[in-house]
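Residue numbers (the numbering used here): 11 to 425.
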């Protein structure tokens with residue numbers, strides 16, 4: 011039997027990124043077998059390298075110790091090129107000439123300022139597929155705006171509908187637009203690869219993170235446009251289900267999420283002796299009545315959940331056919347979640363400073379071409395010699411000349 015190849019084996023990606031959308035695309039492609047070469051510089055390293063682990067604040071900023079970097083840049087090769095140096099631009103162009111895909115995630119116009127815009131890259135490699143991901147895209151009135159996840163969440167309308175009533179809007183705390191744009195970008199790249207395989211034609215893909223986030227809010231947009239019904243902040247409640255919320259349980263900061271979907275679910279809730287009295291109120295037989303009396307219902311539910319653990323509360327409700335689940339933290343997921351363990355959701359991967367670390371796997375579910383993570387994110391420029399000598403064919407003397415010219419960056423005393 012011939013061993014299956016990885017799904018993207020043979021695809022070479024060159025990544026010029028700042029932020030998270032581009033690195034996450036590269037991470038997923040590397041996991042699927044693509045050769046992903048991340049271009050950085052000591053002056054402008056990948057930003058997630060610099061995020062200090064909250065569990066190890068005494069370490070300060072160490073470019074390979076960030077948990078974000080360990081995860082989002084795993085499986086790649088890392089080269090350090092000074093793109094402000096003409097010889098560095100020469101090296102970047104030589105990489106592009108040997109690439110199938112270029113991914114860039116920067117402020118709009120950044121690549122053009124370096125002399126690496128799409129009009130230049132497609133002349134170097136006519137079959138190249140280029141993906142550009144920026145906050146507002148490469149044209150339009152806001153194209154020049156610098157963005158970060160919270161900016162996009164605010165302008166897209168996410169913050170206007172997130173959080174609790176009569177409180178300020180809330181962010182996701184996770185740069186959600188970046189992850190969302192990465193998934194759109196990955197799908198677009200796979201479409202472009204298929205098109206190139208059939209026609210031989212490359213193309214440029216432009217992803218505006220603002221648009222991908224707005225697109226996610228389609229139902230709310232339609233409610234506003236067609237029914238003049240603006241979205242509202244509901245906290246953990248719902249317009250279509252009541253009661254619904256996260257209810258405190260015994261223990262420190264432990265909660266159980268509960269959703270009563272319909273009138274039938276409400277009747278099932280009456281099987282709990284402590285809550286049976288609520289079922290005797292005919293006003294609560296239907297959704298609108300329960301929405302009006304949500305505070306009273308929540309008080310009764312809270313008294314019930316606080317008398318038991320979150321796990322026990324969820325089990326009791328699930329046994330009645332109701333929707334309930336423990337609000338898990340990361341410790342629950344990694345140490346105690348038997349389902350995630352059974353599905354091997356976590357990977358043990360090599361790390362240059364820690365020996366081995368645990369990382370979340372990529373849940374694509376490919377059975378014929380399963381992916382793998384070869385290593386965590388590596389040091390700045392760790393693969394300079396491999397990429398420039400082996401891939402580009404630089405002789406030892408040529409390599410030394412590029413280093414001397416400041417185009418290839420070796421170890422920096424500042425990092």
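Don't be surprised by glycine CBs; every beta carbon is placed ideally from N, CA and C. Please read these numbers as outputs of a predicted model, since none were measured by experiment.
According to the DSSP assignment, residue 113 belongs to the beta strand (DSSP E) that extends over 111-115.
Only exposed fits residue 242, as fewer than 16 other CB atoms lie within 10 angstroms of its CB. Runs of beta strand (DSSP E) with 3 or more residues, each lying fully within the region 186-253, are found at 213-218, listed in chain order. Under the three-state reduction of DSSP, residue 154 is assigned to coil, being neither helix nor strand. Here residue 95 has 416 and 417 as same chain residues with Cβ atoms under 6 Å from its own Cβ, once five neighbours each way along the sequence are excluded. Between the region 297-312 and the region 351-364 there are fewer than three inter-stretch CB-CB distances shorter than 8 Å, so the stretches are not counted as touching. Each residue's CA atom was taken as its position, placing residue 154 and residue 310 some 52 Å apart. The distance from the Cβ of residue 93 to that of residue 217 is about 22 Å, inconsistent with a contact at the 8 Å cut-off.
Taking all protein chains shown into account, residue 363 has fewer than 16 neighbouring C-beta atoms within 10 Å of its C-beta and is therefore exposed. Residue pairing by DSSP puts residue 22 in a beta bridge opposite 45.
Residue 407 and residue 24 have their C-alpha atoms some 25 Å from each other. Nearest to residue 170 by C-alpha distance, out of 204, 191 and 231, is 231. A direct Cα-to-Cα measurement between residue 198 and residue 215 gives close to 7 Å.
Within 10 angstroms of the beta-carbon of residue 55 lie 16 or more other beta-carbons, which makes it buried.
The region 26-35 makes contact with the region 78-93; the number of CB pairs closer than 8 Å reaches 3 or more.
Here residue 324 is buried: its Cβ has 16 or more other Cβ atoms, across all protein chains shown, within 10 Å. Put simply, the backbone Cα of residue 329 is about 26 Å away from that of residue 298.
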